[in-house]
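Q:
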Amino acid sequence: MLRVGMLTSGGDCQGLNAAMRGVAKTLYELNDDVEILGYQDGFRGLIEGDYKLMKPSDFSGILTLGGTILGTSRQPFKEIDNYVNGKDGETRCEAMVRNYKEQNLDCLVVLGGNGSHKSANRLSEEGLNVITLPKTIDKDIYGSEMTFGFQSAVNIATDVIDGIHTTATSHGRIFIIELMGNKAGWLTLSAGVAGGADIILIPEINYELENVLAAIEERNKQGKKFSIIAMAEGSKSKEDSEMSSSDYAEMLKEKGYPSGTYKLAAELSKELDQEVRVTVPGHYQRGGSPCPYDRVFASECGAYGAELILKGKFGRSVVQVNNEITSLPIDEVAGKKNLVPTNCELVRVAKDMGISFGDE
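Under my numbering, read the sequence shown as residues 4 to 363, first letter to last.
1) By how many angstroms is the C-alpha of VAL37 removed from the C-alpha of ILE159?
2) So, for ASP143: in the same chain, excluding its five sequence neighbours on each side, which residues have a beta-carbon less than 6 Å away from its beta-carbon?
3) From which residue to which residue does the alpha helix (DSSP H) around ARG289 run?
4) Please name the residue, chosen from TYR145, HIS120, ASP109, that lies closest to LEU131 on a Cα-to-Cα basis.
5) Of all Cβ atoms in chain B, is any one closer than 8 Å to the Cβ of ILE134?
6) If I follow the unbroken beta strand (DSSP E) through ILE91, where does it start and stop?
7) What beta strand (DSSP E) runs, 3 residues minimum, are completely inside the segment 187-268?
8) Thinking just about the alpha-carbon of each residue, which of MET149, SER247, ILE65, SER249 is nearest to the one in ASN326?
9) Specify, as a first and last residue, the run of the beta strand (DSSP E) that LEU10 falls within.
10) Measuring CA to CA, which of GLY116, ILE164, HIS168, ARG125 is closest to TYR145?
11) Excluding the five sequence neighbours on either side, which residues of its own chain have a C-beta within less than 7 Å of the C-beta of SER272, listed in chain order?
12) What are the start and end residues of the alpha helix (DSSP H) that includes VAL26?
13) From which residue to which residue does the alpha helix (DSSP H) around ILE39 run?
14) Run through DSSP, which three-state label would ASN88 get?
15) Would you decide whether GLU105 is buried or exposed? Buried here means 16 or more other CB atoms lie within 10 Å of its CB.
16) By the three-class DSSP mapping on this structure, what secondary structure does MET183 have?
17) Reducing DSSP to helix, strand and coil, say where VAL113 ends up.
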């Protein structure tokens, strides 16, 4: 009998259920004797041995369902060697290895982002058979051109920008729309271009306040009395980027800014005779039903992952390369990020169309 464990780890997103369905339906179709164990709330379930024996019916009707039927949680990789109970006993890593073996798993499928890939790679290094699938709305999994959840989040973020346009136009206001993306700006870049943002601020390109002001003032001279700024939550000015992360967070806290977006809003308000408002769609970006693209892509990833299992090819991360589904060794993916190159084609196109990134 083939016994496969499955878990979803880290932040949820659209397409997780579709990907699990792709794994399960392919395994059930191509293997007559398979059992799937679904671990509850990500790596926590594997640490505590909290799982349910899944049935084929559990994977029916979930293609269009957002979130994850297994639940998820964040278990930071930096804590993988922490003791499960207090100061002694077994570590989290040791507990996961033990439960894997006690439950007679032939493979563990991990659906997760960057942190989850690091934990999955550690388990692979401990001798477990592991396959990972690329989940994140940030599209920052190293080695993969796409991740499931990304396109659905882009669609939602674009809808937010579209909706803000009418009220911004009506009142002649400046709106800063804070989108998700702490390290990678793919979501903000794509939604900003798709939604017709006038200024796009992403973590990879540090902005200068004077350049943002100049872009807004140029629009005002052209008779355009409103401006839309799409800003990734991790974006910083060049000055702020020189601070450590802890010092930056402390500075925001001392000044009463929930995020850098509100800091920029306050700075613009001091310099401009216009109302400046902030819109934060937050977790709405990762919620709801997956878009058709993500349903297809997640299904492809899941099916490919199942095929790797059946072929006995473990320690692999399913990725997209040259628009084809393939795989890479997990240790080549873990611990790295796919960030927006400052000279990438979409940044160039956006700049050619007059969109400011605040860097010039």
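Heads up, the beta-carbon is just placed ideally off N, CA and C, and yes, glycines get one too.
A: Well, looking at it:
1) 37 Å
2) Only ALA187, LYS340, ASN341 meet the Cβ criterion.
3) Taken as a continuous stretch (DSSP letters only), ARG289 belongs to no alpha helix (DSSP H), as it is neither H nor E.
4) Looking at the Cα atoms, ASP109 is the closest of the given residues.
5) Here there is only one protein chain, and chain B is not present.
6) Reading off the sequence, residue 91 comes out as Asp, not Ile. Here the beta strand (DSSP E) through ASP91 covers 91-94.
7) 202-204, 230-235
8) When each option's Cα is compared against that of ASN326, the closest is MET149.
9) 5-11
10) GLY116
11) VAL279
12) 19-33
13) Looking at the DSSP string, ILE39 is not in any alpha helix (DSSP H); the run it does join, the beta strand (DSSP E), is 37-42.
14) strand
15) exposed
16) coil
17) strand
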